[in-house]
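Colleague:
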Amino acid sequence: MAHGGSRHSTRCDVNLAGVRLAAILPMPPAENPAAALTPLGGEPAVCRMVRSLTRVAGQVLVVVDEAIADRFRAALAGLTVDILTVDGSATRADCLALAGRSLAVPSLVGVRAGCQGATHVLLADQRHPLMAADMIDRVVAALADGADLVVPVLPVTDTVKTVDAGGTITATVDRSTLRLLQYPRGMRADRLPEESLAGAVTVDGDADAVSVQLPADAALLEAIIACR
Numbered sequence: 137m138a139h140g141g142s143r144h145s146t147r148c149d150v151n152l153a154g155v156r157l158a159a160i161l162p163m164p165p166a167e168n169p170a171a172a173l174t175p176l177g178g179e180p181a182v183c184r185m186v187r188s189l190t191r192v193a194g195q196v197l198v199v200v201d202e203a204i205a206d207r208f209r210a211a212l213a214g215l216t217v218d219i220l221t222v223d224g225s226a227t228r229a230d231c232l233a234l235a236g237r238s239l240a241v242p243s244l245v246g247v248r249a250g251c252q253g254a255t256h257v258l259l260a261d262q263r264h265p266l267m268a269a270d271m272i273d274r275v276v277a278a279l280a281d282g283a284d285l286v287v288p289v290l291p292v293t294d295t296v297k298t299v300d301a302g303g304t305i306t307a308t309v310d311r312s313t314l315r316l317l318q319y320p321r322g323m324r325a326d327r328l329p330e331e332s333l334a335g336a337v338t339v340d341g342d343a344d345a346v347s348v349q350l351p352a353d354a355a356l357l358e359a360i361i362a363c364r
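For the sequence shown, the positions run 137 to 364 when the numbering used here is used.
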């Protein structure tokens, strides 16, 4: 299911307090990866995501369906990114496994070897295209402090109810213990392709890092970008 990559830069990972950081944007075919090409603020959403990640990670891996890989190569030309391709049957786990192998042995999939040896990765998600710099910094700082897995979160402010089988409200949930999960998530590179969140350390998320479906929610994101 996994194929290979193309190189678009020569920059190497930065070292931050012992953390050698790469970033991964997995876009399995079933999750409509072409949506990441939706324009936001004058550029494709995927470009905005890659720019956010390359501020702290010297290598960014975008894993995408081979059928539309050329569109991503064109959109991302000139940015610090390696594009890896999978076939139409690939799952999210397949995308992460390919990215993990490329970090361990770059020559296997044709990505640049200069950044081999990442100790940690940032895992992005195309449904969260807005990633504030300070939120990313909090994730990276927690990794540098020794956390194995880090997730940015927001407190739940809406009232949450439980209902019975008939739809009748039965109780109010204590929302003080509930959190909304966001991206990017940070983890040790050797955890790939595992995405279990058991034992994760949490850091403050960002109210603008909303989960969206593109292109339907493009207007919402444009409004958020305009207010920044």
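We put the beta carbon where it would ideally sit given N, CA and C, even for glycine.
So, are the CB atoms of Pro265 and Val275 less than 8 Å apart?
Modeller: No, Cβ-Cβ distance for Pro265 and Val275 is not below 8 Å.
Colleague: Three-state secondary structure (DSSP) at Arg364?
Modeller: It is coil, neither helix nor strand.
Colleague: Going by alpha carbons, who is nearest to Thr313 out of Pro291, Thr306, Val339, Val346?
Modeller: Checking every option, the nearest Cα to that of Thr313 belongs to Pro291.
Colleague: Using 8 Å as the Cβ pair cut-off and three pairs as the minimum, do the stretch 183-194 and the stretch 222-234 touch?
Modeller: No, the stretch 183-194 does not touch the stretch 222-234.
Colleague: Evaluate Leu333 with the Cβ neighbour count: other Cβ atoms within 10 Å of its Cβ, from every protein chain shown; 16 or more gives buried, anything less gives exposed.
Modeller: Exposed is the call here.
Colleague: In the DSSP assignment, find the alpha helix (DSSP H) that holds Gly322 and state where it starts and stops.
Modeller: That residue, Gly322, is in no alpha helix (DSSP H); its beta strand (DSSP E) goes 321-324.
Colleague: So, are the CB atoms of Ala336 and Met271 less than 8 Å apart?
Modeller: Not in contact: Ala336 and Met271 (Cβ atoms no closer than 8 Å).
Colleague: Tell me which residues share the same chain as Ser347 and place their Cβ nearer than 7 Å to its Cβ, disregarding the 5 neighbours each side in the sequence.
Modeller: The answer, listed in chain order, is Arg263, His264.
Colleague: Does the Cβ of Ile160 have 16 or more other Cβ atoms within 10 Å, making it buried, or fewer, making it exposed?
Modeller: The residue in question, Ile160, is buried, as its Cβ has 16 or more Cβ neighbours within 10 Å.
Colleague: Could you give the first and the last residue of the continuous beta strand (DSSP E) run that contains Val339?
Modeller: 337-340 is the span of the beta strand (DSSP E), which, as asked, contains Val339.
Colleague: Name the residue from Asn168, Ala235, Val200 whose alpha carbon lies nearest to the alpha carbon of Ala254.
Modeller: Out of Asn168, Ala235, Val200, Ala235 has the C-alpha closest to the C-alpha of Ala254.
Colleague: How many Å lie between Arg207 and Leu258 at the Cα?
Modeller: Between Arg207 and Leu258, the C-alpha separation is close to 24 Å.
Colleague: Go ahead and pull the three-state DSSP assignment for Asp201.
Modeller: Correct three-state label for Asp201: strand.
Colleague: Quick one: residues in its chain with C-beta nearer than 8 Å to the C-beta of Leu285, no 5 flanking neighbours on either side, listed in chain order?
Modeller: Closer than 8 Å at the Cβ level, and outside the excluded window around Leu285, lie Arg321, Gly322, Met323, Arg324, Arg327, Leu333, Gly335, Ala336, Val337.
Colleague: Does the Cβ of Asp230 have 16 or more other Cβ atoms within 10 Å, making it buried, or fewer, making it exposed?
Modeller: It is buried - the Cβ of Asp230 has at least 16 other Cβ atoms within 10 Å.
Colleague: Quick check on this structure: which residue in Ala283, Ala181, Gly303, Gly154 has the alpha carbon closest to the alpha carbon of Leu212?
Modeller: Among Ala283, Ala181, Gly303, Gly154, the Cα nearest to that of Leu212 belongs to Ala181.
Colleague: For Leu279, which three-state DSSP category applies?
Modeller: In the structure shown, Leu279 sits in a helix (DSSP, three-state: H, G or I).
Colleague: Does the pairing of the stretch 294-310 with the stretch 350-357 give three or more beta-carbon distances under 8 Å?
Modeller: No contact exists between the stretch 294-310 and the stretch 350-357.
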